[in-house]
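Comments concern the structure below.
Residue numbers (this note's numbering): 16 to 105.
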């Protein structure tokens with residue numbers, strides 16, 4: 016079964032937010048047929064730490080406007096993961 020319409024809609028909102036902040040190499044993986052917790056895993060590249068932070072902040076802002084907030088935000092020196100349960104942005 017493909018990803019649900021609501022998750023696809025959230026993925027599109029996140030993708031537009033990423034594009035606004037000039038994220039590159041964006042790919043959305045539909046994991047709904049796998050036995051995993053999330054339906055979509057959205058991966059993007061930022062050119063430096065400041066851009067990665069900006070991308071993550073914009074995704075959070077746009078998805079908050081859509082009525083969703085991350086369950087958790089994890090980060091390392093050069094990466095951020097936003098977990099929205101059915102959508103994960105990395």
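Here a beta-carbon is modelled for each residue, glycine too, at the ideal position from N, C-alpha and C. All figures in this text were calculated on a predicted structure; none of them were measured in a lab.
> So which of 25, 46, 41 and 17 has the shortest CA-CA distance to residue 80?
Replying inline: 25
>> Buried or exposed, going by whether 16 or more other CB atoms sit within 10 Å of the CB of residue 51?
In response: exposed
> Using CA coordinates, which residue listed in 40, 74, 96 and 54 is at the minimum distance from residue 21?
Replying inline: 54
> Would residue 35 be called buried (16 or more neighbouring beta carbons within 10 Å of its own) or exposed?
Replying inline: exposed
>> Looking at residue 61: is its Cβ nearer than 7 Å to the Cβ of residue 91?
In response: no
> Is the beta carbon of residue 70 sitting closer than 7 Å to the one on residue 105?
Replying inline: no
> Just the Cα atoms here: how many angstroms apart are residue 100 and residue 43?
Replying inline: 15 Å
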